[in-house]
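A.B. asks: First to last, the protein sequences are chains A and B. With the first letter of the first sequence counted as 1, position 43 gets the number 43 in UniProt numbering; the numbers rise by one all the way through. With the first letter of the second sequence counted as 1, position 86 gets the number 86 in UniProt numbering; the numbers rise by one all the way through.
Number of protein chains: 2
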Amino acid sequence: MAFHYPNGRRFVQAAQKPIARPLKQMSYSNRGKTLEDDLNDSNEYYLANGIAVIHKKPVPIQIVDVHYPQRSAAVIKEAYFKQASTTDYNGVYKGRYIDFEAKETKSPTSFPLKNFHEHQIEHMNHVVNQAGIAFVIMRFTAVEETYLMKSGTLAYYWERMLSGGRKSITKDEVKESSLKVPLGFQPRIDYIKVIDTFI
Amino acid sequence: MAFHYPNGRRFVQAAQKPIARPLKQMSYSNRGKTLEDDLNDSNEYYLANGIAVIHKKPVPIQIVDVHYPQRSAAVIKEAYFKQASTTDYNGVYKGRYIDFEAKETKSPTSFPLKNFHEHQIEHMNHVVNQAGIAFVIMRFTAVEETYLMKSGTLAYYWERMLSGGRKSITKDEVKESSLKVPLGFQPRIDYIKVIDTFI
Chain A
1 MAFHYPNGRR
11 FVQAAQKPIA
21 RPLKQMSYSN
31 RGKTLEDDLN
41 DSNEYYLANG
51 IAVIHKKPVP
61 IQIVDVHYPQ
71 RSAAVIKEAY
81 FKQASTTDYN
91 GVYKGRYIDF
101 EAKETKSPTS
111 FPLKNFHEHQ
121 IEHMNHVVNQ
131 AGIAFVIMRF
141 TAVEETYLMK
151 SGTLAYYWER
161 MLSGGRKSIT
171 KDEVKESSLK
181 VPLGFQPRID
191 YIKVIDTFI
Chain B
1 MAFHYPNGRR
11 FVQAAQKPIA
21 RPLKQMSYSN
31 RGKTLEDDLN
41 DSNEYYLANG
51 IAVIHKKPVP
61 IQIVDVHYPQ
71 RSAAVIKEAY
81 FKQASTTDYN
91 GVYKGRYIDF
101 EAKETKSPTS
111 FPLKNFHEHQ
121 IEHMNHVVNQ
131 AGIAFVIMRF
141 TAVEETYLMK
151 SGTLAYYWER
161 MLSGGRKSIT
171 KDEVKESSLK
181 VPLGFQPRID
191 YIKVIDTFI
């Protein structure tokens, strides 16, 4: 249900959140939120402000058994997680198709490539061939740094691994080959601003 | 794992399917396939031929209980279906963002609006405001006719219902206000060709 102000403007809960927090918590620090939380907040902000329409896709599930109890909702009794064949986030910004995967690592020195799957790399290649904008958002949680790496760059490091090279991207390589996403207050992760620098 | 022909071209299973079917089944008739099956086939065809990258989103699920048995995959033991807040299909065609919902009706005379949810209408409005391409694909299964209705047109009939008007769109209205999608062999539902007529 959508609530509206008397002037007809839509009430948006996300915009209210920070006010409820004690002032001392209103720093730009991570506050224990995951990258996914931050991205969901940012996407809500983009949507509420008419900046972009980006959603996280539901987790893909293989449903095996469903019960239909009388007078109540269907219950899934057996299901399994499936490997995603695409990326987690997609949507539209100024008519352009946006597609990305978001991953974080605890390692302060490198980003492990096992965070990604062959299917996702392939999917991002397809998107780029179709003139879409595909990238990954990587966060080094230990140092609270977030980077946007274009899918072509990721594909380069992926190929390096497949040809016997290292199974991760060093922090220095990430720094050199990606765009840093400044951590802000609202939106938390303003990746649209970063996209603006290269489209 | 991707297979490749000796010349480097990728082996695409979807393109092989029709050959395995007996000739007498190779008509343009529905063969009992659902609209979703047909769209999935069409999307595979578009992907394999580099025409567009469109995927169906996973069904949104609220997971309540997961078991982690030793030496085997995690099992979801309790979960519920959630109402989708967006549409089922999205992707990219020539750099443009494509977003649609697909529904079929057994009624030969009208398309019931209860096939859609307020959230989906809102979502499609957001997409259009962001210069994306949003529409619904409607199939009248009784007569095997498929239409592409732009989201703005659907919004008009939706508003009519909200202001006390009829709860469905008559077949004649659909015919007049939508684009017919010819039923073909491969792809089954060539909606990209229809999109070409209005972008």
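Don't be surprised by glycine CBs; every beta carbon is placed ideally from N, CA and C.
Does I76 of chain B have its Cβ less than 8 Å from a Cβ in chain E?
C.D. replies: No chain E is present in this structure, whose protein chains are A and B.
A.B. asks: Does H67 of chain A come out as helix, strand or coil in the three-state DSSP assignment?
C.D. replies: Here H67 of chain A sits in strand by DSSP.
A.B. asks: Since I believe E101 of chain B is in contact with F116 of chain B (beta carbons under 8 Å), could you give me their beta-carbon distance rounded to a whole number of angstroms?
C.D. replies: Contact flag correct, Cβ pair sits at about 7 Å.
A.B. asks: List the endpoints of the continuous beta strand (DSSP E) containing R166 of chain A.
C.D. replies: Unbroken run through R166 of chain A: none, as it is neither H nor E.
A.B. asks: Measure the CB-CB distance between T109 of chain A and T170 of chain A and report whether it falls below 8 Å.
C.D. replies: Contact flag set, yes.
A.B. asks: Between L47 of chain B and chain A, is any beta-carbon pair separated by less than 8 Å?
C.D. replies: Yes, its Cβ sits closer than 8 Å to a Cβ of chain A.
A.B. asks: Report the rounded CA-to-CA distance for P182 of chain B versus N49 of chain B, giving the unit in angstroms.
C.D. replies: The alpha-carbon atoms of P182 of chain B and N49 of chain B are separated by roughly 19 Å.
A.B. asks: List, in chain order, every chain B residue whose beta-carbon is nearer than 8 Å to that of F81 of chain A.
C.D. replies: Correct list: A73, A74, I76.
A.B. asks: For S42 of chain B, count the other beta carbons within 10 Å of its own beta carbon; 16 or more makes it buried, fewer makes it exposed. Which is it?
C.D. replies: Its Cβ being crowded by 16 or more others within 10 Å, S42 of chain B is buried.
A.B. asks: Using 8 Å as the cut-off, can you tell me whether the segment 71-83 of chain B makes contact with the segment 53-62 of chain B, which would need three or more C-beta pairs spanning the two stretches below that distance?
C.D. replies: In short, these stretches touch, since the Cβ pair count reaches three.
A.B. asks: Whole-angstrom Cβ separation of I137 of chain A and A52 of chain A, contact assumed at under 8 Å?
C.D. replies: The pair is not a contact, with the Cβ atoms about 14 Å apart (cut-off 8 Å).
A.B. asks: Measuring straight from C-alpha to C-alpha, what distance separates Q186 of chain B and E176 of chain A?
C.D. replies: Between Q186 of chain B and E176 of chain A, the C-alpha separation is close to 45 Å.
A.B. asks: Based on DSSP bridge pairs, tell me the residues matched to G91 of chain B.
C.D. replies: G91 of chain B pairs with B:I54, B:I98.
A.B. asks: Just to make sure I have the definition right: I need the residues of chain B whose C-beta is within less than 9 Å of the C-beta of H126 of chain A. Which are they?
C.D. replies: Neighbours of H126 of chain A on chain B, chain order: L47, G50, V53, V92.
A.B. asks: Against chain A, does K167 of chain B count as a neighbour if the rule is that its beta carbon must be under 8 Å from one of theirs?
C.D. replies: Chain A, which has no Cβ nearer than 8 Å to the Cβ of K167 of chain B, makes this no.
A.B. asks: Are there 16 or more other CB atoms within 10 angstroms of the CB of R21 of chain B, so buried, or fewer, so exposed?
C.D. replies: Note that R21 of chain B has pLDDT 41, beneath the 50 cutoff, so the model's placement of it is unreliable and the number below is only indicative. Under this definition R21 of chain B is an exposed residue.
A.B. asks: Measuring CB to CB, does I133 of chain B end up less than 8 Å from R96 of chain B?
C.D. replies: Closer than 8 Å, so yes.
A.B. asks: When burial is assigned at 16 or more other CB atoms within 10 Å of the CB, is V143 of chain B buried or exposed?
C.D. replies: V143 of chain B should be labelled exposed.
A.B. asks: So which residues of chain B does K57 of chain A contact, with C-beta pairs closer than 7 Å?
C.D. replies: Those are K57, P58, listed as they occur along chain B.
A.B. asks: Looking at the C-beta of A142 of chain A, does it have a partner C-beta in chain B at a distance below 8 Å?
C.D. replies: Output row for A142 of chain A: interface = no.
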